[in-house]
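In this note's numbering, the protein residues as written are 26 to 266. Even for Gly, the Cβ is constructed at its ideal location relative to N, Cα and C. Since the structure comes first, as structure tokens, the remarks are kept for the end.
Structure follows, in structure tokens:
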């Protein structure tokens, strides 16, 4: 409650005082405008980049350290409830494919977010990993799954695409805006549909290759260089005013 109260007080105050506001997606712009009561045209959208994941060589030693000896499906994020890790685990029960390991990478902050969806059972939980280890996990995964209920942008799917990993994401919030035609979509509220999307990718080598190609092309549209240029344009405009 203190966390929510602080944000409810802070953000409207900042919005009224700001000369210009920046956010990372059209979805976020609409949400901020609606919740803060501030006109949408006062926000400029500058998306995140994803190529930072390629700056360090992949540390493939993480695979042997984790004992990953068979194919795996990767999920990456904090373990907060809206990331829907529970939906991924429930989806497996509906799948035809069973010969794979679910790997969950990422930490949790239980002081702020509940960790009700922390994976358990047969799933492998890595905890926090380095950027080099994360790149290796992306590159070696059969596919990446991200059935989140709510995202302001959705950085992990973009990182996965940059690493050539086929992506399954939810048809929700900002994710279609980020992933475009480079992902297979699912309903985050329906574990059977998440399982259907995973089966679709795992059973079709040609689809995997096509998703890798589309993913690389899509990720190339989201770079920090482009974002920096856009930000500089906003600052130059304000200076001129």
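Closest by C-alpha distance to residue i, when choosing among the options
{"i": "residue 349", "options": "230, 189, 203 and 260", "result": "Past the edges of the chain, shown from 26 to 266, lies residue 349, and the structure says nothing about it."}
{"i": "residue 202", "options": "104, 176 and 35", "result": "176"}
{"i": "residue 107", "options": "172, 96, 33 and 30", "result": "172"}
{"i": "residue 88", "options": "117, 102, 154 and 36", "result": "154"}
{"i": "residue 166", "options": "186, 178 and 179", "result": "186"}
{"i": "residue 60", "options": "44, 37 and 41", "result": "37"}
{"i": "residue 43", "options": "237, 67 and 74", "result": "67"}
{"i": "residue 221", "options": "113, 183 and 250", "result": "113"}
{"i": "residue 253", "options": "262, 149 and 72", "result": "72"}
{"i": "residue 99", "options": "196, 226, 76 and 75", "result": "226"}
{"i": "residue 178", "options": "210, 51 and 223", "result": "51"}
{"i": "residue 211", "options": "174, 229 and 76", "result": "174"}
{"i": "residue 82", "options": "255, 122 and 157", "result": "157"}
{"i": "residue 53", "options": "35, 264, 214 and 197", "result": "197"}
{"i": "residue 58", "options": "39, 234 and 239", "result": "39"}
{"i": "residue 237", "options": "33, 264, 224 and 169", "result": "169"}
{"i": "residue 192", "options": "30, 149, 150 and 239", "result": "239"}
{"i": "residue 251", "options": "29, 49, 28 and 91", "result": "49"}
{"i": "residue 132", "options": "110, 102 and 56", "result": "102"}
Reduced DSSP secondary structure (H/G/I, E/B, other) of residue i
{"i": "residue 68", "result": "strand"}
{"i": "residue 27", "result": "helix"}
{"i": "residue 208", "result": "coil"}
{"i": "residue 254", "result": "helix"}
{"i": "residue 185", "result": "helix"}
{"i": "residue 175", "result": "coil"}
{"i": "residue 126", "result": "strand"}
{"i": "residue 41", "result": "helix"}
{"i": "residue 240", "result": "helix"}
{"i": "residue 155", "result": "coil"}
{"i": "residue 121", "result": "coil"}
{"i": "residue 246", "result": "coil"}
{"i": "residue 93", "result": "coil"}
{"i": "residue 36", "result": "helix"}
{"i": "residue 268", "result": "It is not possible to answer for residue 268, since the shown part of the chain is limited to 26 through 266."}
{"i": "residue 334", "result": "Because the chain here runs from 26 to 266, residue 334 falls outside it and cannot be looked at."}
{"i": "residue 215", "result": "coil"}
{"i": "residue 266", "result": "coil"}
{"i": "residue 75", "result": "coil"}
{"i": "residue 261", "result": "helix"}
Close beta carbons around residue i, own chain, < 8 Å, minus the five adjacent residues each side
{"i": "residue 79", "result": "160, 187 and 188"}
{"i": "residue 217", "result": "116 and 119"}
{"i": "residue 95", "result": "124, 125 and 126"}
{"i": "residue 241", "result": "186, 187 and 189"}
{"i": "residue 228", "result": "121 and 122"}
{"i": "residue 263", "result": "44 and 45"}
Neighbourhood of residue i by C-beta, 6 Å cutoff - its chain only, sequence neighbours within 5 removed
{"i": "residue 143", "result": "Because the pLDDT at residue 143 is just 48, under 50, the model does not fix this residue reliably, and the value given afterwards should be weighed accordingly. Around residue 143: 104."}
{"i": "residue 41", "result": "none"}
{"i": "residue 163", "result": "185, 188 and 190"}
{"i": "residue 194", "result": "171, 182, 200, 204 and 208"}
{"i": "residue 47", "result": "69 and 71"}
Paired residues, beta bridge with residue i - DSSP
{"i": "residue 47", "result": "69"}
{"i": "residue 115", "result": "DSSP output for residue 115 lists no bridge partner at all."}
{"i": "residue 169", "result": "99 and 192"}
{"i": "residue 149", "result": "128"}
Heavy atom of the ligand PLP within 7 Å of residue i beta-carbon
{"i": "residue 37", "result": "Of the ligands one can find in the structure shown there are none, so the ligand PLP has no counterpart to examine."}
Contacts around residue i, its chain only, beta-carbon distance under 7 Å, and the 5 residues preceding and following it disregarded
{"i": "residue 258", "result": "none"}
### Task
Evaluate contact between the region 235–250 and the region 189–208, counting only Cβ atoms and requiring at least three cross-stretch pairs below 8 Å.
yes
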